[in-house]
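Here's the structure, in structure tokens; my notes come after.
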Amino acid sequence: DGGITQSPKYLFRKEGQNVTLSCEQNLNHDAMYWYRQDPGQGLRLIYYSQIVNDFQKGDIAEGYSVSREKKESFPLTVTSAQKNPTAFYLCASSIETGLGLAELTGELFFGEGSRLTVL
Amino acid sequence: AQTVTQSQPEMSVQEAETVTLSCTYDTSESDYYLFWYKQPPSRQMILVIRQEAYKQQNATENRFSVNFQKAAKSFSLKISDSQLGDAAMYFCAYRSSTSYDKVIFGPGTSLSVIP
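So the sequence lines, in the order shown, correspond to chains A and B.
Using this note's numbering, count along the first sequence one by one with no gaps and you end on 121.
Using this note's numbering, count along the second sequence one by one with no gaps and you end on 186.
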């Protein structure tokens, strides 16, 4: 079955440590996204990537880094520079290129999420 | 910049009854997509319904329908014959049809279904 796989589901980090959250998709989607979810704030965009080897900062990129070496993979590193990293992180993907407006749905497909807790 | 507002942090509905969740948005664009996503306690976000702004007809998906008022920038979700499985967080979202780089989410409405 096609989908998006995030790992780990739960992660604990000590202050000062970097951690990497994995996101893999087998939907052959061009674009991938990382969102942070906090209670009462909806989803906020951290980074997005529309093609391999290219990515852009979202609204809250400070303290985070990403890479996009393969179409299927978009890992997120939460660095020690992120002051308040405890949150729920969602990875998503979408079809972006090569289609006309009538064919694009604009829909995002999500993984199950990773909950990061800083001890 | 586009914004999405959901003014109801929490809602509840009796099983089998109908409930309407509100969403308003702000944009200067004429073409865009609007979405309602559902996030049940298992946490995986799924699409409930989608509306293209250029379409005047309101989208429907089985028990789910929207009331899209483009001039008022309003996009409410109606759930008919509510079921226990409808209990979840519901997010309204906006996406430009010309700039695919962002989807703007509202803060969400937590829906409880009372047996």
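The beta carbon of each residue, even a glycine, is placed where N, CA and C say it ideally should be.
Query raised in the report: Tell me the DSSP bridge mates of residue 109/B?
Result: 117/B, 161/B
Requested in this report: Could you tell me which residues DSSP puts in a beta bridge with residue 35/A?
Outcome: 50/A, 94/A
Query - 6 angstroms Cβ shell around residue 117/B - same chain, five flanking residues per side excluded - result: 109
Query raised in the report: In terms of residue numbering, what span does the beta strand (DSSP E) encompassing residue 71/A cover?
Result: Per DSSP, residue 71/A belongs to no beta strand (DSSP E) and is neither H nor E.
Query raised in the report: Can you find a C-beta in chain B that's less than 7 angstroms from the C-beta of residue 109/A?
Result: yes
Query raised in the report: Do you know how far the Cα of residue 92/A is from the Cα of residue 61/A?
Result: 15 angstroms
Query raised in the report: Is the CB of residue 104/A under 7 angstroms away from at least one CB in chain B?
Result: Only weak support exists for where residue 104/A lies, its pLDDT of 44 falling under 50; the value from the coordinates is given anyway. No, residue 104/A lies away from the interface with chain B (no Cβ there is under 7 angstroms from its Cβ).
Query - Validate contact between the segment 73-90 of chain B and the segment 112-130 of chain B using beta carbons, cut 8 angstroms, 3 pairs - result: no
Report task. Please go through the same chain and pick out, in chain order, the residues whose beta-carbon is closer than 8 angstroms to the beta-carbon of residue 103/A, but skip the five residues on each side of it. Result -> Any answer about residue 103/A is weak, because its pLDDT of 47 lies below 50 and its placement is not dependable; what the coordinates show is given next. Nothing listed; no residue qualifies.
Query - CA nearest to the CA of residue 155/B, picked from 133/B, 129/B, 111/B, 167/B - result: 111/B
Report task. Give the residues of chain B in contact with residue 43/A, contact being defined as C-beta atoms less than 7 angstroms apart. Result -> 178
Query raised in the report: Quick one: is residue 134/B buried, meaning 16 or more other Cβ sit within 10 Å of its Cβ, or exposed?
Result: exposed
Query raised in the report: Are at least three pairs of beta-carbons, each pair with one atom in the segment 168-178 of chain B and one in the segment 91-111 of chain B, less than 8 angstroms apart?
Result: yes
Query raised in the report: Given a limit of 7 angstroms on CB to CB distance, which residues of the segment 108-127 of chain B reach chain A?
Result: 114, 115, 116, 118, 121
**Report entry** Beta carbon proximity, residue 26/A to chain B, threshold 7 angstroms
**Finding:** no
Report task. Indicate whether at least one CB of chain B lies closer than 7 angstroms to the CB of residue 112/A. Result -> yes
Report task. Determine the contact status of residue 14/A and residue 88/A, defining contact as a CB-CB distance below 7 angstroms. Result -> no
Query raised in the report: Is residue 45/A helix, strand or coil by DSSP?
Result: strand
Report task. Note the first and the last residue of the continuous beta strand (DSSP E) segment covering residue 57/A. Result -> 56-59
**Report entry** DSSP-derived helix/strand/coil call for residue 121/A
**Finding:** coil
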